[in-house]
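So for the sequence shown, this note's numbering puts the first residue at 76; every next one is plus one.
Ideal placement from N, C-alpha and C gives every residue a C-beta, glycine not left out.
Structure, as structure tokens:
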Amino acid sequence: MRQLISGGVALVTILTFSACDADGSAGGDTTGTTQGLLTQTQQEGMAERSAIDVATLGFNMGVAASPVRVVEMSDYGCSYCRQFHMETFPTLLADYIESGKVEWKFMPFVNGMFENSPLATEAAECALEQSTEVFRVLNERLWDDQSVWKQSDDPEPVLRGMADDAGVDIREWVSCMESDRRLERVRAASNLAGQLGVRGTPTFFVVGYPPLQGALPLESFKEILDAVYADASTGGG
76 MRQLISGGVA
86 LVTILTFSAC
96 DADGSAGGDT
106 TGTTQGLLTQ
116 TQQEGMAERS
126 AIDVATLGFN
136 MGVAASPVRV
146 VEMSDYGCSY
156 CRQFHMETFP
166 TLLADYIESG
176 KVEWKFMPFV
186 NGMFENSPLA
196 TEAAECALEQ
206 STEVFRVLNE
216 RLWDDQSVWK
226 QSDDPEPVLR
236 GMADDAGVDI
246 REWVSCMESD
256 RRLERVRAAS
266 NLAGQLGVRG
276 TPTFFVVGYP
286 PLQGALPLES
296 FKEILDAVYA
306 DASTGGG
């Protein structure tokens, strides 16, 4: 199974499923400090650029000492990302993340396809600024009711209502949104996606292996994680 996973071309060919394809680069002149996240070729190609501290971005779940690490890059406006979070992620959370097998970094970014996505991403970041608890609640709400804020002609009050329902300190949340003090995190994640060549969402980096793109079926994702976990547990990773 390691041979299948580490075969970059074969993996991309076999395990590329439906994804929201970006209509252009989300780039910028920055890159990630991504030791273990990138292939050697990617690292060499990015060595001359300034660094983004990946450790400070996104939302980490699970145990840091887990033998398997996954970085998920999703756009809140992407329907396939919603499909993954509604249909696949709950099982992965229970069976792999909460069990200590996998540490998962969820990194929302803006791929440029969805008009209201930057505001939704900033709304989530402003919730995360307050606590992981309110972020979890708002994060789920953004996926559950994606069509509500995504199709709104005036998404700001819609997102404010969702944040209020999630239990944020609404005055602090409004202050965060108005000052754009979490906007740099959104930009950094989006720049990182561009540097990594992410063109579709969701994209998953199982650390040490080639990226996986699209809303993979649950059984496919489980097969991959089981193989990587077994490999890591026997000292092969």
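- 8 angstroms Cβ cutoff met for G133 and V177: no
- Using a threshold of 8 angstroms, state whether the C-beta atoms of Y213 and M237 are closer than that. According to the sequence provided, residue 213 is Leu. The question's Tyr does not apply to it. Note that the C-beta distance between L213 and M237 is below 8 angstroms.
- Report the rounded CA-to-CA distance for V223 versus V233, giving the unit in angstroms. Taking the straight line joining both Cα atoms gives about 8 angstroms.
- Query: What residue range is occupied by the uninterrupted alpha helix (DSSP H) comprising N266?
  - Reply: 258-270
- Message: Check this for me: beta carbons of C153 and P277, under 8 angstroms apart or not?
- Response: yes
- Task: For L203, collect the residues of the same chain with a Cβ closer than 7 angstroms to its Cβ; drop the 5 residues on either side in sequence, then sort them by chain order.
- Result: F134, F210
- Message: Is it buried or exposed, Q221, if we count other Cβ atoms within 10 angstroms and call 16 or more buried?
- Response: buried
- Task: Measure the CB-CB distance between L194 and E162 and report whether it falls below 8 angstroms.
- Result: Contact flag unset, no.
- If you follow the beta strand (DSSP E) that S206 is part of, which residue opens it and which one closes it? Segment: none, S206 is in no beta strand (DSSP E) and carries neither H nor E.
- Message: Could you check whether V281 and V129 sit closer than 8 angstroms to each other, using their CB atoms as the reference points?
- Response: no
- Message: Runs of 3 residues minimum, wholly inside the stretch 278-303: which ones carry the beta strand (DSSP E) assignment?
- Response: 278-281
- Query: Should D306 go down as buried or exposed, given a rule of 16 or more other Cβ atoms within 10 Å for buried?
  - Reply: Here D306 is buried: its Cβ has 16 or more other Cβ atoms, across all protein chains shown, within 10 Å.
- Task: Could you tell me if S73 is buried or exposed, where buried requires 16 or more neighbouring beta carbons within 10 angstroms of its beta carbon?
- Result: The chain is shown from 76 up to 312; residue 73 falls before or after that span and cannot be answered.
- Query: With respect to the alpha helix (DSSP H) encompassing M148, which residues constitute its N-terminal and C-terminal limits?
  - Reply: That residue, M148, is in no alpha helix (DSSP H); its beta strand (DSSP E) goes 143-149.
- Item | Range of the contiguous alpha helix (DSSP H) that encloses E178 | E178 -> not in any alpha helix (DSSP H); beta strand (DSSP E) instead, spanning 177-183.
- Let me know the secondary structure DSSP gives D164 once reduced to three states. Before going further, note that residue 164 is Phe rather than Asp in the sequence given. Residue state, collapsed to three classes: helix.
- Message: Under DSSP, the beta strand (DSSP E) around M136 begins and ends at which residues?
- Response: 134-136
- Start and end residues, alpha helix (DSSP H) containing C156: Per DSSP, the unbroken alpha helix (DSSP H) holding C156 starts and ends at 154-158.
- Item | Local Cβ density within 10 Å of Q110, reported as buried at 16 or more and exposed below that | Per-residue confidence for Q110 stands at a pLDDT of 39, beneath the threshold of 50, marking its modelled position as unreliable; the derived number appears in the next sentence. So Q110 counts as exposed.
- When the Cα of L300 is compared with those of F189, A140, L167, which residue comes out closest? The alpha carbon of L300 has as its nearest neighbour, out of F189, A140, L167, the alpha carbon of L167.
- Message: Checking 8 angstroms against the spacing of the C-beta atoms, do D150 and P183 come in under that value?
- Response: yes
- Looking at C-alpha atoms only, which residue of Q158, I172, A139 is the closest neighbour of K297? Ranking the options by Cα distance to K297, first place goes to I172.
- How about C95 and N186: are their beta carbons less than 8 angstroms apart? yes
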